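Below: the structure, in structure tokens.
Residue numbers (my numbering), protein chains in the order written: chain A, 238 to 447; chain B, 4 to 548.
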């Protein structure tokens, strides 16, 4: 995805420089000097064909790049190593790890934390229980909609350790601004340890008499 | 239709005065003036809303206004700017200009024309009246996604008023478009063949066709929302087999063509302005016309690029069609450059705003190509990057063209020229202020600031970039105030202007300023797309095509 951003940004800057230059150039060179009429030409077919074909070639190339990057981004691994079910609700998130008892839910005051392992594939299953939300981690350059009645699946394969802030990116009501969360990427060993800790914590919780 | 008669001459309306004469008018010029002044009034209102939002966001963690007030503000700001300013200003300008540009005495259906204005005004006031009811105005954003806009979550009357008001505005736009198309197709003066009508009128033909295709989808979507809210429908309720994604499909099937409805008329405006101030015919007339229809046609097939992140649409298809729109848009840019090429260029205020349009719209167009690529959209969507992108298109594009249009046609509409010096100062304020407001937002978006948040944490750089944006907005506001003062002062001074102060090309410059009730006492011969130029330069007049 970085590749897509880089290529499109540089292509965009180049187009801005060239077309912007072509807009400013006549303003500097052909200012009105007297009453004589300028040449009244109306067309130049070869130039018009060239200025149609060049942008066409550019967008075809950009589309090919965009298509290939998107295919890689949206590729779902046959067997992910970790699965996290994410549910958006007004106004926080709930993360659960199927096959374990681990369940983390946040509040608008305190967003929940998702822990995932480094260099392994994590499948996220995303949905909502009320209005549309959107699950966005800016550091991963990625977001996906959480829509009630729909499951959206995608894979993450983090290659950097650290804590990354995430936010809701679809207006969902008054506290939308505080619908935050954190994704913490840890080493696979730390991830196993974290999972065990969470399990014992939830078991301890369950043993507490109601 | 058996007889194509000229419309019944209206009562000489510009001679009559008083409020009643304006309420009962069917004169296309008066209706155009009503549309445009109403639209400008709404621009001031929605601009003040923007200033309040920028004040709230000037620094992190501020609480000048509440979350609920902020939600109402951004909902009304978007709704009013789109539905009650940018679109109706274009409809008003077209109302005023189309009959003049094609040499007709009025629109094809003058009474329908008056009806569309009044129903637009009532619709707009209905939406605004939400601010006065219990629970406040609609607060679900200008696209009001279900289920957020459903009765369970947004039970207030404000949301209903918003729906009903927009339904009225939809009907108004649809009927006006029928009127425009009929007028252009059958009320052209002798000699005014389709391939001689001015580019602005051509752009309005494309716009009107788009309105006819797009607005019914909005009307359907809003009606379904209303049925869900009050008649026990379940169109968008997943618990009962409905689909929130359906709302988005119907909305954007309207919503993306709407973007072109907001820009095509202004392509026409800058074309006329650039031709006049370069003293040259438009370069590539045929390309200009065909590209307008190519843009209109393609824009009907890109709606789901607003839904790349839903996981419910074929991203590659919609990405491909969206990227393709860059080609006809590029044709327009090269034709504008070709028109200025080797020209005899002067820099009156309308031309300055047209140049501002070119540069800002180029910026918005390029970032538009970026967000047409799904992997970029996955990060940019509904971040401040996107906020900046569409403001570069609609604010830096359409708004600048609206200023160009106001300075350019003000002498024709009112017989008074606006002050040039203060006009240029206004342009500098708008251009500097606009770019200072919206350029920093690209960075805010990439850094992860989502749109529609009423406050934000004190992260590195966020406060500074937001302060710059607020400063820019204040400079724009100064420019708008200068514009208002300029209008008042120029009208008061009332220095008479000639009928054709700029050396215009099209038929509206052949008649008096303001034009007489039925527009023309005489018409010059029409042998090209610029009959007034041919009249002044018979030695260069093109004979036939």
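Even glycine gets a Cβ: it sits at the ideal position worked out from N, Cα and C.
All of these numbers come straight from a predicted model, not from anything done at the bench.
In the displayed model, residue 350 of chain A falls within a strand according to three-state DSSP. Per DSSP, reduced to three states, the secondary structure at residue 266 of chain B is coil, with no helix or strand assignment.
DSSP places residue 214 of chain B in the uninterrupted alpha helix (DSSP H) bounded by 202 to 233. Residue 249 of chain B and residue 324 of chain B have their C-alpha atoms spaced approximately 21 angstroms apart.
When the five nearest sequence neighbours on each side are left out, the beta carbons in the same chain lying within less than 7 angstroms of the beta carbon of residue 125 of chain B are those of 171, in order along the chain. In the three-state reduction of the DSSP assignment, residue 370 of chain A falls in the strand class, which pools E and B. Taking a contact to require three or more Cβ pairs closer than 8 angstroms, the stretch 205 to 225 of chain B and the stretch 257 to 275 of chain B qualify as touching. Between residue 80 of chain B and chain A, the shortest Cβ-Cβ separation is not below 9 angstroms. A check of alpha carbon separations from residue 262 of chain A across B/347, B/103, B/73 and B/78 identifies B/347 as the nearest. Nearest Cα to residue 241 of chain B within the set A/291, A/416 and A/385: A/385. For residue 140 of chain B, the closest of B/127, B/159, B/331 and B/239 by C-alpha to C-alpha distance is B/159. Within 10 angstroms of the beta-carbon of residue 275 of chain B lie 16 or more other beta-carbons, which makes it buried. Straight-line measurement puts the Cα of residue 387 of chain A at about 26 angstroms from the Cα of residue 305 of chain A. For residue 139 of chain B, not one C-beta of chain A is nearer than 9 angstroms to its own C-beta. Look at the stretch 394 to 414 of chain A: the residues with a C-beta under 8 angstroms from a C-beta of chain B are 402, 404, 405, 406, 407, 408, 409, 410, 411, 412, 413 and 414. In this structure the stretch 70 to 81 of chain B lies against the stretch 455 to 465 of chain B, because at least three pairs of beta carbons, one per stretch, are closer than 8 angstroms. Per the coordinates, the alpha-carbon of residue 389 of chain A lies some 40 angstroms from the alpha-carbon of residue 269 of chain B. Within the stretch 378 to 413 of chain B, complete alpha helix (DSSP H) segments of at least 4 residues are found at 387 to 396, given in chain order. Beta bridge pairing from DSSP links residue 161 of chain B with B/140.
By the C-beta criterion, the stretch 416 to 427 of chain A is judged to be in contact with the stretch 327 to 346 of chain A, since at least 3 inter-stretch pairs fall below 8 angstroms.
Residue 495 of chain B sits exposed, since fewer than 16 C-beta atoms from the chains shown fall within 10 Å of its C-beta. By the 16-neighbour rule on beta-carbons within 10 angstroms, residue 499 of chain B is exposed.
For residue 241 of chain A, no beta strand (DSSP E) encloses it; the enclosing alpha helix (DSSP H) starts and ends at 239 to 266.
At a cut-off of 9 angstroms between beta-carbon atoms, residue 247 of chain B makes contact with chain A. Under the three-state reduction of DSSP, residue 351 of chain B is assigned to coil, being neither helix nor strand.
For residue 302 of chain A, the nearest beta carbon of chain B is closer than 9 angstroms to its own beta carbon.
Beta-bridge pairing by DSSP links residue 363 of chain A to A/323 and A/389. In the assembly as shown, residue 352 of chain B is a buried residue. Its beta-carbon has 16 or more other beta-carbons within 10 Å. Proximity of residue 418 of chain A to chain B, defined by a Cβ-Cβ separation below 9 angstroms, is not satisfied. For the pair residue 311 of chain B and residue 381 of chain B, the CB atoms are nearer than the 9 angstroms cut-off.
Contact annotation, residue 36 of chain B with residue 416 of chain B: C-beta distance approximately 6 angstroms; criterion of less than 8 angstroms satisfied. For residue 386 of chain B, the C-beta contacts it makes with chain A under 9 angstroms involve 373, 375, 380 and 406, in order along the chain. With a 10 Å radius around the Cβ and a threshold of 16 neighbouring Cβ atoms, residue 314 of chain B comes out buried. Per DSSP, reduced to three states, the secondary structure at residue 399 of chain A is strand. Fewer than three pairs of CB atoms, one per stretch, sit closer than 8 angstroms, so the stretch 459 to 470 of chain B makes no contact with the stretch 416 to 432 of chain B. Taking a Cβ-Cβ cut-off of 7 angstroms, the neighbours of residue 313 of chain B in chain A comprise 382 and 384, given in sequence order.
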